[in-house]
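Comments concern the structure below.
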Amino acid sequence: MHRSIRNTLALVPLALVLIAPSVRGANAQLLSQFFAQGAGASPAVLEYRRKLAEYQAARAAFDAEASAYWSQISEKRKGRNAKRRSGQQVTLDDYVLQHPPLYNGPKKPVNPEPEETPERPPRKPIPVVADFLRAAQELYQFTPQRPSSEVEFKRAYARYALASGLTREQAVRVYAFETGGTGSHDVQAGIEHGGKRAISTAMGYNQLLTTNSVELLAEQGHELIRALSEKVARTPGPARHTLEHKLAVLKKMVAHAKSVPDTWSEHEKMGSTPQGWAMHAMVLDIDIGPMLQTHKLLTSVHFARAKGHSRPLSAAELEMMNLTGDGTGLDMVTMPQAMREQVPTSNFFQRGGYERNPVAIRHNTVAKLLAVTDDRMDVNSGKPGARELAAAF
């Protein structure tokens with residue numbers, strides 16, 4: 017056996033001689049590059065390359081493990097959805113009960129040599145209230161009617177929310193969670209608590225995105241039109257003309273929202289256009305804004321009832337549906353407490369979203385996530401804005 021190997025190795029020089037000159041030249045170039053990598057390199061560069069190799073090996077091992085885990089999460093989710101469609105009961109076996117792997121290997125080292133930084137495309141600016149108002153004026157010749165005070169908006173919201181079936185606890189505690197207990201009717205994500213830059217188009221008491229506004233106009237537009245039509249009929253004098261113009265604009269917006277397929281992706285596309293921005297401006301209107309805020313939560317309540325969940329949703333459960341989407345949220349809401357204690361939060365996320373969510377990682381079961389949501393609601397419900405909203409009910 018050893019002689020056979022030696023004989024084989026002895027043939028290697030002959031094989032190299034017989035290789036075509038062009039291939040031999042290419043191989044020689046690669047070999048020279050390989051050996052040149054370390055030639056003349058400083059100790060710092062050599063140490064960097066050693067650490068980089070360690071990092072890349074550790075990261076590759078982690079990515080392989082994480083990919084297998086998240087593939088299992090996806091398969092389990094498909095299985096639960098199939099069970100629900102066929103009316104079967106979901107059990108503990110339908111969830112991944114292990115927590116996801118988290119990378120704890122070496123950090124990527126800093127290259128001591130200058131590197132070319134790839135140019136990043138400029139970030140698309142996030143529209144703000146001024147953009148929403150400008151779009152409404154340009155496209156619909158309409159300016160939302162703003163409240164004379166914040167408490168006026170809160171009272172309008174409380175009246176409509178109660179009449180529509182939301183409870184004071186649901187409305188106030190979700191507001192407390194979403195805005196920190198101090199938000200105004202026009203508060204936008206990022207531009208709050210001293211923030212200077214919008215981080216999304218989420219706006220108002222329940223933080224509606226432009227996509228939410230388009231979707232609500234498309235799906236609940238008939239109800240908004242009915243409610244505003246009733247107010248027009250009750251209103252005399254010059255104020256009635258203002259409301260009639262508002263109703264005409266609302267009807268146009270609803271028609272435009274309905275002109276695309278009723279899917280989140282299509283509503284998202286429209287929400288990223290000036291037309292969607294104009295629709296989002298309605299969140300600021302004293303008549304239509306409270307209705308949009310209410311239906312943002314009410315659609316989740318109705319979804320749960322339609323799926324056979326008759327027990328009233330707690331504010332924390334409603335917030336889970338508000339944050340994660342009705343289908344995913346209901347998955348958590350309908351889970352018995354014993355299962356909530358065991359099922360990791362990772363079952364309800366995509367990998368990227370989970371790894372960017374320190375709250376879900378730290379409070380890593382359904383029970384813990386609901387508990388920390390309740391705790392935050394408890395604290396923020398004592399702040400001025402939340403107390404004012406509670407009084408409006």
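Take any residue in the sequence shown, count from 1 to its spot, add 16: that is its number in the working numbering.
Here a beta-carbon is modelled for each residue, glycine too, at the ideal position from N, C-alpha and C.
Express the C-alpha separation of residue j and residue i in angstroms, rounding to a whole number.
i: Gln49; j: Pro130; result: Residue placement at Gln49 cannot be trusted, given a pLDDT of 45 that sits under 50; the coordinates are not used to answer.
i: Gly211; j: Met348; result: 32 Å
i: Gln72; j: Gly368; result: 20 Å
i: Ala294; j: Tyr173; result: 21 Å
i: Thr133; j: Thr195; result: 38 Å
i: Arg403; j: Pro306; result: 18 Å
i: Ala177; j: Ala408; result: 11 Å
i: Glu154; j: Leu233; result: 19 Å
i: Ser58; j: Glu135; result: 28 Å
i: Glu208; j: Asp202; result: 10 Å
i: Leu47; j: Arg66; result: Unreliable positioning characterises Leu47 in this predicted model, as indicated by a pLDDT of 41, which lies under 50. A coordinate reading is not provided.
i: Ser316; j: Met337; result: 6 Å
i: Asp278; j: Ser288; result: 16 Å
i: Leu27; j: Glu371; result: Residue confidence for Leu27 is low, a pLDDT of 33 falling below 50, so the modelled location carries little weight and cannot support an answer.
i: Gly398; j: Leu225; result: 26 Å
i: Tyr85; j: Ala98; result: 20 Å
Taking a contact to mean a Cβ-Cβ separation below 8 Å, would you say residue i touches residue j in this structure?
i: Phe193; j: Asn396; result: yes
i: Ile142; j: Thr227; result: no
i: Tyr219; j: Val299; result: With the sequence shown as reference, residue 219 is identified as Met, and Tyr is not the correct amino acid for it. Contact: yes.
i: Leu313; j: Asn222; result: yes
i: Ile304; j: Arg162; result: no
i: Pro125; j: Leu68; result: yes
i: Gln105; j: Ala331; result: no
i: Pro400; j: Thr198; result: yes
i: Leu405; j: Val188; result: yes
Return the first residue and the last residue of the alpha helix (DSSP H) that residue i is part of.
i: Asn127; result: First-last for Asn127: undefined, no H or E at that position.
i: Pro352; result: Segment: none, Pro352 is in no alpha helix (DSSP H) and carries neither H nor E.
i: Ala376; result: 374-378
Would you mind working out which of the options sits nearest residue i, comparing C-alpha positions?
i: His261; options: Ala57, Arg378, Leu244; result: Leu244
i: Ile215; options: Ala297, Val144, Arg66, Gly121; result: Val144
i: Gln114; options: His238, Ser102, Gln157, Ala82; result: Ala82
i: Ser229; options: Phe148, Arg75, Thr198, Thr107; result: Phe148
i: Ser90; options: Leu68, Pro116, Gly103, Ala76; result: Pro116
i: Leu108; options: Gly292, Met351, Ala60; result: Met351
If contacts are defined as beta-carbon pairs under 8 Å, then residue i and residue j qualify, I think. What distance do you get, rounded to the angstrom?
i: Thr389; j: Ala376; result: The Cβ separation is near 11 Å, so there is no contact.
i: Lys92; j: Asp110; result: 6 Å
i: Ala297; j: Ala151; result: 7 Å
i: Leu240; j: Val248; result: Between Val248 and Leu240 the Cβ distance is about 13 Å, and since that is not below 8 Å, they are no contact.
i: Val265; j: Phe169; result: Rounded, the Cβ-Cβ distance is 19 Å, inconsistent with contact.
i: Phe364; j: Thr344; result: 5 Å
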